[in-house]
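First the structure, in the form of structure tokens, and then the observations on it.
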Amino acid sequence: MTVVSANHTPLSPLRFLERSSTVFPDRTAIVYGDRRSSYAEFADEVQRLARVLRATISPGDKVAFLAPNVPELLMAHFAVPLAGGVLVAMNSRLAPPEITYILEHSESTVLLVDSELVPSVAPATQSLTGLIEVVEVPDPTVDPSEVPTGVTTTTYQQFLARAEDLDPTPLPWAVDDEHTVITINYTSGTTGKPKGVMYTHRGAYLAAMGEVVHNGLNGNTKYLWTLPMFHCNGWTMPWAVTAAAGAHLCLRAVRGEAVWDAIDRLGVTHLCGAPTVCTVMVNAPEAHAVQDRELRLMVAGAPPSPTIISELSSLGINVVHVYGLTEVYGPFTIAEVQEAWDQEPAEERFRLLARQGVGMVQAETARVVDSQLQDVPADGNSMGEIVLRGNNVMLGYFKDPEATAKAFEGGWFHTGDLGVMHPDGYIQLRDRAKDIIISGGENISSVEVEQAIVSHPQILECAVVGVPDEKWGERPVAYVTVRDGTDISPEDVVAHTRALLAGYKVPREVVVVPELPKTSTGKILKYELRRGGQHG
Numbered sequence: 001m002t003v004v005s006a007n008h009t010p011l012s013p014l015r016f017l018e019r020s021s022t023v024f025p026d027r028t029a030i031v032y033g034d035r036r037s038s039y040a041e042f043a044d045e046v047q048r049l050a051r052v053l054r055a056t057i058s059p060g061d062k063v064a065f066l067a068p069n070v071p072e073l074l075m076a077h078f079a080v081p082l083a084g085g086v087l088v089a090m091n092s093r094l095a096p097p098e099i100t101y102i103l104e105h106s107e108s109t110v111l112l113v114d115s116e117l118v119p120s121v122a123p124a125t126q127s128l129t130g131l132i133e134v135v136e137v138p139d140p141t142v143d144p145s146e147v148p149t150g151v152t153t154t155t156y157q158q159f160l161a162r163a164e165d166l167d168p169t170p171l172p173w174a175v176d177d178e179h180t181v182i183t184i185n186y187t188s189g190t191t192g193k194p195k196g197v198m199y200t201h202r203g204a205y206l207a208a209m210g211e212v213v214h215n216g217l218n219g220n221t222k223y224l225w226t227l228p229m230f231h232c233n234g235w236t237m238p239w240a241v242t243a244a245a246g247a248h249l250c251l252r253a254v255r256g257e258a259v260w261d262a263i264d265r266l267g268v269t270h271l272c273g274a275p276t277v278c279t280v281m282v283n284a285p286e287a288h289a290v291q292d293r294e295l296r297l298m299v300a301g302a303p304p305s306p307t308i309i310s311e312l313s314s315l316g317i318n319v320v321h322v323y324g325l326t327e328v329y330g331p332f333t334i335a336e337v338q339e340a341w342d343q344e345p346a347e348e349r350f351r352l353l354a355r356q357g358v359g360m361v362q363a364e365t366a367r368v369v370d371s372q373l374q375d376v377p378a379d380g381n382s383m384g385e386i387v388l389r390g391n392n393v394m395l396g397y398f399k400d401p402e403a404t405a406k407a408f409e410g411g412w413f414h415t416g417d418l419g420v421m422h423p424d425g426y427i428q429l430r431d432r433a434k435d436i437i438i439s440g441g442e443n444i445s446s447v448e449v450e451q452a453i454v455s456h457p458q459i460l461e462c463a464v465v466g467v468p469d470e471k472w473g474e475r476p477v478a479y480v481t482v483r484d485g486t487d488i489s490p491e492d493v494v495a496h497t498r499a500l501l502a503g504y505k506v507p508r509e510v511v512v513v514p515e516l517p518k519t520s521t522g523k524i525l526k527y528e529l530r531r532g533g534q535h536g
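Take 1 as the starting number for the sequence shown in full-length UniProt numbering and just add one per residue.
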């Protein structure tokens, strides 16, 4: 255990809220519709929730949360670890079987769920014995009659009210061991099963500080939550914005009208998201040039096209491209702007900005290596695997030591992404070694989708690949063969898959082919499918 002394205080992002609520108690911390919370109120509700959780769970227990970007999920990023628990923020777009799997695998004992999503957790509440309580976070937009019967929940306010019967002494914001797990984020791997990525207090603290530095966050920051908080803990921005004592502007759903309304009415200064957020903003009827302030948009999830960067720049929006993975707390590299680029033609400048860049301040380094972990030539052409190492690399995969060991083979985290190193030290992604499709900033395991499709009795084989999409970055396309003497329509395949997986994972395009291209050993040649050789 780490010893607390005058020379060493364990790092934890919980300290950020302690400081901001003490130094700036009256400053606005959270905005959600007509709701406003000061930093003092923010900290007070976090403390109350933490005290109730501490009385409910055991140290190290997992507390799951299923919700869009609402204040309660933001508060859980502090309250759950303050109570000694581990936060498991789940993708709000998952299908019921996926939710059940994550709750079971994570061994979550408490689940907080938004009213709108209660139907999605019904199967889990009926089948899992480890869940000791389900807490419903009410939302005024949800009709109570739509909540299914048979799901026993405690309302969030009822849950918080238990604090009145507990010791009111504030829980200490300090932690004993900075290497303690603070959150688990589930991501899809090439096996098709979600893996639980473990973040630590130290890693979260340093990753958040990196965001503060690179985004210039301060007390005037007004951060719009267009990035899901469940995705890599919102790239650690719940902690970063709080460290800067900025304002969290919570947004339930990302729509062009709502985004531009917040920009104009609330004075947004920062936002993050996948290229799909860029597309929503550019194509919204309300889109217009922002001239009264700097508006910084950090983009990741899929490489943004030079075209979309150009379009956003024409609106006065400063686009910052970053690259990372769930396993590295979100962003790890950043396309730092060089002054010399201002002298380049616009097309070349935007091409440079679309690269994945260099390591952020909290990262040790990023390399492009061959199979022997030797650096490939920095010529912009020699391809290798991108490997990473530094303070914001995961502790490991929860309950999966074999996958953890494989991921860290040779002492570096293997991303599975293929790229090149340019002479100026900037990395550029070229292809993905893993068959992961990144659509709208969310990872889709092609294997997981293939397994769902092949479960249909008439499907013989299936291959799912990602193809470029202007709006989503990538979208999945399924190629299938059917069993002899049978026939199936693309619509039937889509309907079958939709019943098993989250909607964003379901291929909208299904191509029925006589056979799939294969190697002599029977391996499907997905690169041929990606270039459209099997269409029609």
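Backbone N, C-alpha and C define an ideal beta-carbon position, used for all residues, glycine too. Bear in mind that the values here come from a model prediction, so they are computed numbers and not experimental data.
| message | Three or more C-beta pairs under 8 Å: does that hold for the stretch 320–332 against the stretch 387–397? | response | yes
| query | Three or more beta-carbon pairs under 8 Å between the stretch 164–172 and the stretch 347–366, yes or no? | reply | no
| query | Does DSSP put residue 89 in a helix, in a strand, or in coil? | reply | strand
| Rounded separation between residue 354 and residue 319 - CA only | 9 Å
| query | Do you know whose CA, among 402, 498 and 463, lies nearest residue 530's CA? | reply | 463
| request: Quick one: grab the DSSP three-state call for residue 202. | output: helix
| How many angstroms separate the CA atom of residue 186 from the CA atom of residue 90? | 7 Å
| Cβ separation of residue 397 and residue 196, assumed to be a contact under 8 Å, to the nearest whole Å | 6 Å
| query | Touch check for the stretch 19–32 and the stretch 238–257: three-plus C-beta pairs under 8 Å? | reply | yes
| said: According to DSSP, is residue 189 part of a helix, a strand, or is it coil? | reply: With a pLDDT of 45 at residue 189, under the threshold of 50, the modelled position of this residue cannot be trusted; read the value that follows with caution. Residue 189: coil per DSSP, three-state reduction.
| Three-way DSSP call (helix, strand, coil) for residue 530 in this model | helix
| message | Whole angstroms are fine: how far does the CA of residue 199 sit from the CA of residue 36? | response | 30 Å
| said: Does residue 406 come out as helix, strand or coil in the three-state DSSP assignment? | reply: helix
| In angstroms, rounded to a whole number, what distance separates the CA positions of residue 13 and residue 208? | 8 Å
| query | Does the stretch 252–262 come close enough to the stretch 345–360 to have 3 or more Cβ pairs within less than 8 Å? | reply | no
| task | Measure the CB-CB distance between residue 333 and residue 360 and report whether it falls below 9 Å. | result | yes
| message | Excluding the 5 residues flanking residue 311 on each side, which residues of the same chain have their C-beta closer than 7 Å to its C-beta? | response | 282
| query | How would you label residue 539, buried or exposed, when you count the other beta carbons within 10 angstroms and need 16 or more for buried? | reply | The first residue shown for the chain is 1 and the last is 536, placing residue 539 beyond what the model contains.
| Can you find at least 3 beta carbon pairs, one from the stretch 210–227 and one from the stretch 256–269, that sit closer than 8 Å? | yes
| Own chain partners of residue 156 with C-beta closer than 8 Å, once the 5 adjacent residues on each side are dropped | 72, 112, 135, 136, 137 and 138
| query | For residue 95 versus residue 503, is the C-beta distance shorter than 9 Å? | reply | yes
| Closest residue to residue 340 among 412, 424, 411 and 284 (Cα-Cα distance) | 424
| field | Pick from 104, 39, 151 and 115 that is closest to residue 140, judged by C-alpha positions | value | 115
| task | Use the C-beta contact count for residue 47: other C-beta atoms within 10 angstroms, 16 or more gives buried, fewer gives exposed. | result | buried
| said: Is residue 364 near the ligand SAM - that is, is its Cβ less than 8 Å away from at least one heavy atom of it? | reply: Absent from the structure shown: the ligand SAM. Ligands present: none.
| request: Take every Cβ of the stretch 433–453, pair it with every Cβ of the stretch 503–514, and state whether three or more of those distances are shorter than 8 Å. | output: yes
| query | Can residue 322 and residue 300 be called in contact, C-beta distance under 9 Å? | reply | yes
| request: Indicate the three-state DSSP secondary structure (helix, strand or coil) for residue 354 in the structure shown. | output: coil
| task | Could you check which residue in 80, 125 and 27 has the C-alpha nearest to that of residue 49? | result | 80
| task | Could you tell me the distance, in whole angstroms, from the CA atom of residue 190 to the CA atom of residue 437? | result | Below a pLDDT of 50, predicted positions are generally treated as unreliable, and residue 190, at 41, falls in that range; no measurement from the model is reported.
| request: Check each candidate in 259, 204, 213 and 214 and name the one with the smallest Cα separation from residue 236. | output: 204
| task | Sort out for me which residues DSSP pairs residue 476 with in a bridge. | result | 466
| task | Under 8 Å Cβ to Cβ from residue 75, same chain only, skipping five residues before and after it: list those, please. | result | 42, 45, 46 and 49
| task | For residue 88, collect the residues of the same chain with a Cβ closer than 6 Å to its Cβ; drop the 5 residues on either side in sequence, then sort them by chain order. | result | 62, 64, 106, 108 and 184
| said: Please return the same chain residues whose Cβ sits closer than 8 Å to the Cβ of residue 10, not counting the five positions on each side in sequence. | reply: 2, 4, 174, 175, 176, 177, 178, 201 and 202
| request: Find out if the Cβ-Cβ distance for the pair residue 480, residue 447 is shorter than 9 Å. | output: no
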